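For the record, in the sequence shown the residue sitting at position 10 is 299 according to the working numbering, with numbers rising by one throughout.
We treat Cβ as the ideally placed atom computed from N, Cα and C, and that holds for glycine.
Since we're looking at a predicted model, the values are computed, not measured.
See structure below.
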Amino acid sequence: MSGLFIAFEGGEGAGKSTQAGLLDEALRQRGYYPVLVREPGSTPLGEHLREYLVAGQPITPPAELLLFEAARAELMARRIAPDLADGAVVIVDRFAGSTVAYQGHGRGLDLERIKWLNDFATRGRYPDLTLLLDIDPAIGLNRVQSRQLSFGLLDADADRFEDADIAFHSAVRRGFQEQAAADPAGWQVIQGNHAIPDVATAVWRSVSPLLAGRNLRRESV
């Protein structure tokens, strides 16, 4: 068994976590064995690093990059690689594409160096399909703000990226779009500003052809 590896990418407020969860549910309902993980996170080290990174503590861009790569290396070794070997459909909420977009295009770090670090952390194993939920940064950030107000969150609860200016988020969006354009076989772009059920339908339309003919693990009855 070699599993199936699906990544969700996109800017703030694009709906990645929502759609990753809906795909997980759809696969489970059809008898597959999905494993849903997030970056950074889903390992003890990853969750510890996530807590620090999301808190918005002052940190230099190179250090930020290396912390994300450390979380990724641990996630790949502890969760993604073993689950793929077990025939699971691994769904990851953000992966290496986010580092290229955020730390490369957003922070301005060297893209070739980031590629080397991504290759090292992932052991050269990249998603079979990356779904880019593309959304205008202004719309996405407005969604985030509305969500924070709905749950009574304070400004201090916003993470280091949600709090960045629109120029940063526009650069991040271009970074995602460039990656998708450079690898049309591995990336598919879905408009993230549509209604949640419509996006979920588009996601399933992209994923379902990859399920056929694979020796994937099935849920026990």
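Assigned exposure category for residue i - 16 Cβ within 10 Å defines buried
i: D372; result: buried
i: R361; result: buried
i: Y321; result: buried
i: P416; result: buried
i: R368; result: buried
i: I424; result: buried
i: L500; result: exposed
i: P347; result: exposed
C-alpha distance - residue i paired with residue j, whole-angstrom precision
i: L443; j: V433; result: Note on L443: pLDDT 44, under 50, position unreliable in the model; the coordinate value appears next. Whole-angstrom Cα-Cα distance: 12 Å.
i: I403; j: G397; result: 11 Å
i: I455; j: E298; result: 18 Å
i: R503; j: R317; result: 16 Å
i: F384; j: T349; result: 21 Å
i: R507; j: P323; result: 9 Å
i: A366; j: L406; result: 15 Å
i: A410; j: Y341; result: 20 Å
i: I295; j: I380; result: 5 Å
i: V326; j: R494; result: 21 Å
i: S459; j: S435; result: 20 Å
i: N431; j: A453; result: 13 Å
i: G302; j: V492; result: 17 Å
i: E314; j: A471; result: 30 Å
i: A370; j: Q308; result: 22 Å
i: D375; j: G292; result: 7 Å
Within 8 Å, strictly: CB atoms of residue i and residue j
i: H394; j: G464; result: yes
i: V461; j: G330; result: no
i: F357; j: T332; result: no
i: D382; j: E328; result: yes
i: Q477; j: L418; result: yes
i: A489; j: L311; result: yes
i: G304; j: G413; result: no
Contact belief for residue i with residue j at Cβ below 8 Å, rounded distance in angstroms
i: I479; j: L400; result: In fact, because the Cβ distance is near 24 Å, the residues do not count as touching under 8 Å.
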